[in-house]
Amino acid sequence: MTAYSVTSPLCTWLVAACMSVPSEKDNLFKVSSSSSSMFQSHKSSRHVRRRKIVSTCNSNSGLISAFCGSSFQGLMASCLAFEPCEEYYSSKGFSSSLMSFGENGFSLFGSKSDKMINRKQRRINRATNAGKAMDVALEPTKISTKKPVMKQRRVVVTGTGVVTPLGHESDVFYNNLLDGVSGISEIEGFDCAQFPTRIAGEVKSFSTDGWVAPKLSKRADKFMLYMLTAGKKALADAGITDEVMNELDKTRCGVLIGSGMGGMKVFSDAIEALRVSYKKMNPFCVPFATTNMGSAMLAMDIGWMGPNYSISTACATSNFCILNAANHIIRGEADVMLCGGSDAAIIPIGLGGFVACRALSQRNSDPTKASRPWDINRDGFVMGEGAGVLVLEELEHAKKRGATIYAEFLGGSFTSDAYHMTEPHPEGAGVVLCIEKALAQSGVSREDVNYVNAHATSTPAGDLKEYKALVRCFGQNPELKVNSTKSMIGHLLGAAGAVEAIATVQAIRTGWVHPNVNLENPDEAVDMNLLVGPKKERLDIKVALSNSFGFGGHNSCILFAPYK
Numbered sequence: 001m002t003a004y005s006v007t008s009p010l011c012t013w014l015v016a017a018c019m020s021v022p023s024e025k026d027n028l029f030k031v032s033s034s035s036s037s038m039f040q041s042h043k044s045s046r047h048v049r050r051r052k053i054v055s056t057c058n059s060n061s062g063l064i065s066a067f068c069g070s071s072f073q074g075l076m077a078s079c080l081a082f083e084p085c086e087e088y089y090s091s092k093g094f095s096s097s098l099m100s101f102g103e104n105g106f107s108l109f110g111s112k113s114d115k116m117i118n119r120k121q122r123r124i125n126r127a128t129n130a131g132k133a134m135d136v137a138l139e140p141t142k143i144s145t146k147k148p149v150m151k152q153r154r155v156v157v158t159g160t161g162v163v164t165p166l167g168h169e170s171d172v173f174y175n176n177l178l179d180g181v182s183g184i185s186e187i188e189g190f191d192c193a194q195f196p197t198r199i200a201g202e203v204k205s206f207s208t209d210g211w212v213a214p215k216l217s218k219r220a221d222k223f224m225l226y227m228l229t230a231g232k233k234a235l236a237d238a239g240i241t242d243e244v245m246n247e248l249d250k251t252r253c254g255v256l257i258g259s260g261m262g263g264m265k266v267f268s269d270a271i272e273a274l275r276v277s278y279k280k281m282n283p284f285c286v287p288f289a290t291t292n293m294g295s296a297m298l299a300m301d302i303g304w305m306g307p308n309y310s311i312s313t314a315c316a317t318s319n320f321c322i323l324n325a326a327n328h329i330i331r332g333e334a335d336v337m338l339c340g341g342s343d344a345a346i347i348p349i350g351l352g353g354f355v356a357c358r359a360l361s362q363r364n365s366d367p368t369k370a371s372r373p374w375d376i377n378r379d380g381f382v383m384g385e386g387a388g389v390l391v392l393e394e395l396e397h398a399k400k401r402g403a404t405i406y407a408e409f410l411g412g413s414f415t416s417d418a419y420h421m422t423e424p425h426p427e428g429a430g431v432v433l434c435i436e437k438a439l440a441q442s443g444v445s446r447e448d449v450n451y452v453n454a455h456a457t458s459t460p461a462g463d464l465k466e467y468k469a470l471v472r473c474f475g476q477n478p479e480l481k482v483n484s485t486k487s488m489i490g491h492l493l494g495a496a497g498a499v500e501a502i503a504t505v506q507a508i509r510t511g512w513v514h515p516n517v518n519l520e521n522p523d524e525a526v527d528m529n530l531l532v533g534p535k536k537e538r539l540d541i542k543v544a545l546s547n548s549f550g551f552g553g554h555n556s557c558i559l560f561a562p563y564k
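Residue numbering for the sequence shown follows the UniProt record's numbering, starting at 1 and increasing by one per position.
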């Protein structure tokens with residue numbers, strides 16, 4: 001009786017709906033057992049009740065699941081699996097099927113007589129209707145799985161901040177680039193006389209005063225200090241003052257700034273301390289060495305509670321961070337994002353590691369001439385250090401607060417060469433695929449791209465592979481101009497993409513693209529008509545592409561355009 005009391009309302013509804021009116025068609029579904037056999041014994045009756053009733057409607061109508069007697073589970077399974085077919089819609093007994101039950105005439109909505117019906121009566125009713133075709137008066141609820149159509153959220157650049165070998169303000173940095181000034185010199189941070197490479201793009205005259213707390217400045221690794229300073233400068237450049245900061249919804253503001261190498265100096269110092277005793281180790285050596293901690297510390301400092309993490313994909317780190325930050329805004333997860341990259345690996349272990357890879361230039365006698373992308377006499381890249389941070393903002397949010405818009409971020413893409421740890425794919429397949437995907441994702445025609453800030457690091461293999469990929473994608477565009485920021489500041493590793501993205505934004509703002517310095521004897525495979533010459537050039541940029549590639553075969557491309 002307990003089971004009956006629980007299931008009787010559902011039984012009444014479902015049985016009334018499904019067994020009320022005979023249909024003229026006999027191909028809907030049939031009971032396998034005859035009605036007479038149901039009264040032979042209690043055992044056989046129970047057996048019949050549990051027999052499965054399986055049927056198929058006309059073609060493509062789907063499988064109708066079995067009834068399982070009067071059990072609750074069987075009724076629920078049947079209810080969920082039933083699907084109306086053509087016989088149901090064409091049945092002339094549709095109206096009456098909702099209101100009555102066979103010859104007993106009780107209402108679907110539970111009259112008093114319905115509630116008093118017992119097990120015996122239900123068995124008799126079942127036996128009476130056994131073998132007859134029945135209409136199914138059960139229409140499934142239609143649930144929409146379509147997402148509401150939302151207007152595409154546009155992303156714009158409203159602020160930039162840099163710490164570079166050519167200056168610590170975006171305008172100063174870019175003006176030096178336009179003038180062809182080199183930031184590469186002999187290393188001063190430590191004695192490197194024993195190394196075959198003794199030059200780099202070091203950050204000079206750097207101070208955290210007014211940007212980072214003094215206690216943190218003494219403890220933190222330089223990659224973190226560069227990041228915090230560049231991030232704060234980007235906020236100031238975007239006009240996000242304390243007053244504006246108080247009005248922001250900080251749960252919708254995030255920080256995504258990465259590092260390719262992390263806190264190498266802090267970790268290296270900890271290893272040296274460990275040679276004496278673990279008690280001599282800096283208690284902050286582990287957290288300050290991790291690549292995510294700079295982004296985390298900046299978020300803590302300004303109280304931003306939105307997306308906060310870092311990405312490390314070697315020298316492609318910054319572009320990965322920028323594109324992912326933009327995607328958070330596009331998806332509606334954030335309104336403002338600080339993004340970019342920072343690295344400070346010009347220390348003995350960093351220099352020694354790249355020397356061991358045989359990746360660095362050894363032009364020690366003439367540091368400013370050492371980085372020479374696409375020149376036939378290039379002999380490897382020059383290490384650099386620094387940070388670049390951009391403020392990305394949702395367009396309407398930026399307009400509402402009256403922000404100055406520098407450029408629009410259109411989109412980008414990532415791919416993998418899946419070829420070699422350090423060497424680029426010989427056919428440039430991964431780079432071509434990355435560019436094509438970036439154009440498709442951004443809805444940009446290749447004819448509209450007329451400026452490329454190339455990854456070009458001054459390595460014998462890498463420069464040509466990228467150049468050929470660019471020619472393959474854009475070679476038919478006579479307006480295309482290509483340059484390499486690394487010719488003047490060296491390779492900033494994980495920070496390179498962000499600093500070069502800022503240079504790209506500055507090119508859009510000013511209408512000037514910086515020169516390729518040291519391109520004195522172009523490689524035979526290079527067409528100088530595509531490359532910017534030794535002097536800055538005027539260019540009305542339609543769409544700009546910035547490339548960054550990293551050890552491991554990581555490829556990344558991002559696109560900017562003037563805001564209109």
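Glycine residues also receive a C-beta, built at the ideal position from the N, C-alpha and C atoms. In this text the structure is predicted, and so the values were computed from the model without any measurement.
Spatial neighbours of residue i within its chain, please: CB distance less than 6 angstroms, with the 5 preceding and 5 following residues excluded, ordered by chain position.
{"i": "residue 289", "result": "262, 263, 266, 267"}
{"i": "residue 326", "result": "155, 392, 409"}
{"i": "residue 500", "result": "453, 485, 546"}
{"i": "residue 395", "result": "154, 156"}
{"i": "residue 458", "result": "371, 372, 373, 378, 381"}
{"i": "residue 463", "result": "373, 374, 456"}
{"i": "residue 561", "result": "408, 410, 543"}
Can you give the Cα-Cα distance for residue i and residue j, rounded to whole angstroms?
{"i": "residue 484", "j": "residue 432", "result": "18 angstroms"}
{"i": "residue 417", "j": "residue 553", "result": "5 angstroms"}
{"i": "residue 196", "j": "residue 362", "result": "6 angstroms"}
{"i": "residue 314", "j": "residue 357", "result": "15 angstroms"}
{"i": "residue 494", "j": "residue 341", "result": "6 angstroms"}
{"i": "residue 435", "j": "residue 428", "result": "11 angstroms"}
{"i": "residue 173", "j": "residue 189", "result": "21 angstroms"}
{"i": "residue 304", "j": "residue 210", "result": "20 angstroms"}
{"i": "residue 550", "j": "residue 321", "result": "14 angstroms"}
{"i": "residue 405", "j": "residue 277", "result": "53 angstroms"}
{"i": "residue 536", "j": "residue 215", "result": "43 angstroms"}
{"i": "residue 529", "j": "residue 465", "result": "18 angstroms"}
{"i": "residue 424", "j": "residue 247", "result": "47 angstroms"}
{"i": "residue 521", "j": "residue 533", "result": "12 angstroms"}
{"i": "residue 504", "j": "residue 331", "result": "25 angstroms"}
{"i": "residue 511", "j": "residue 163", "result": "23 angstroms"}
{"i": "residue 439", "j": "residue 179", "result": "31 angstroms"}
{"i": "residue 400", "j": "residue 206", "result": "35 angstroms"}
{"i": "residue 285", "j": "residue 279", "result": "12 angstroms"}
{"i": "residue 249", "j": "residue 334", "result": "9 angstroms"}
Near residue i, which residues of its chain fall below 7 angstroms by C-beta distance, leaving aside the five closest residues on each side in sequence?
{"i": "residue 526", "result": "374, 467"}
{"i": "residue 208", "result": "217, 225, 229"}
{"i": "residue 447", "result": "477"}
{"i": "residue 166", "result": "173, 176, 177, 181, 183, 488, 489"}
{"i": "residue 398", "result": "156, 158, 405"}
{"i": "residue 513", "result": "451, 481, 483, 507, 532, 536, 537, 539"}
According to DSSP, what are the bridge partners of residue i?
{"i": "residue 491", "result": "383"}
{"i": "residue 554", "result": "416, 550"}
{"i": "residue 409", "result": "155, 560"}
{"i": "residue 257", "result": "340"}
{"i": "residue 462", "result": "In the DSSP output, where bridge partners are listed per residue, residue 462 has none listed."}
{"i": "residue 309", "result": "256"}
{"i": "residue 544", "result": "451, 560"}
{"i": "residue 164", "result": "167"}
{"i": "residue 565", "result": "In the structure as shown, the chain starts at 1 and stops at 564, and residue 565 therefore has no counterpart that could be examined."}
{"i": "residue 375", "result": "522"}
{"i": "residue 222", "result": "Note: residue 222 sits in no beta bridge, so no partner."}
{"i": "residue 481", "result": "451"}
{"i": "residue 200", "result": "185"}
Tell me which residues share the same chain as residue i and place their Cβ nearer than 8 angstroms to its Cβ, disregarding the 5 neighbours each side in the sequence.
{"i": "residue 565", "result": "What is shown of the chain runs 1 to 564, which leaves residue 565 out entirely."}
{"i": "residue 359", "result": "380, 381, 422, 459"}
{"i": "residue 347", "result": "189, 190, 264, 265, 268"}
{"i": "residue 472", "result": "428, 432"}
Would you please verify whether the beta carbon of residue i is less than 8 angstroms from any beta carbon of chain D?
{"i": "residue 395", "result": "Although the question refers to chain D, the structure presented lacks it and comprises just one protein chain."}
Assuming residue i contacts residue j (C-beta within less than 8 angstroms), just tell me the rounded distance between them.
{"i": "residue 414", "j": "residue 556", "result": "5 angstroms"}
{"i": "residue 498", "j": "residue 312", "result": "Actually they do not touch by this definition, with Cβ atoms about 13 angstroms apart."}
{"i": "residue 369", "j": "residue 518", "result": "5 angstroms"}
{"i": "residue 496", "j": "residue 389", "result": "The pair is not a contact, with the Cβ atoms about 13 angstroms apart (cut-off 8 angstroms)."}
{"i": "residue 299", "j": "residue 244", "result": "Going by Cβ atoms, the distance from residue 299 to residue 244 rounds to 17 angstroms, so no, they are not a contact pair."}
{"i": "residue 444", "j": "residue 559", "result": "6 angstroms"}
{"i": "residue 201", "j": "residue 257", "result": "Their Cβ separation, rounded to whole angstroms, is 20 angstroms, which puts residue 201 and residue 257 out of contact at 8 angstroms."}
{"i": "residue 351", "j": "residue 383", "result": "7 angstroms"}
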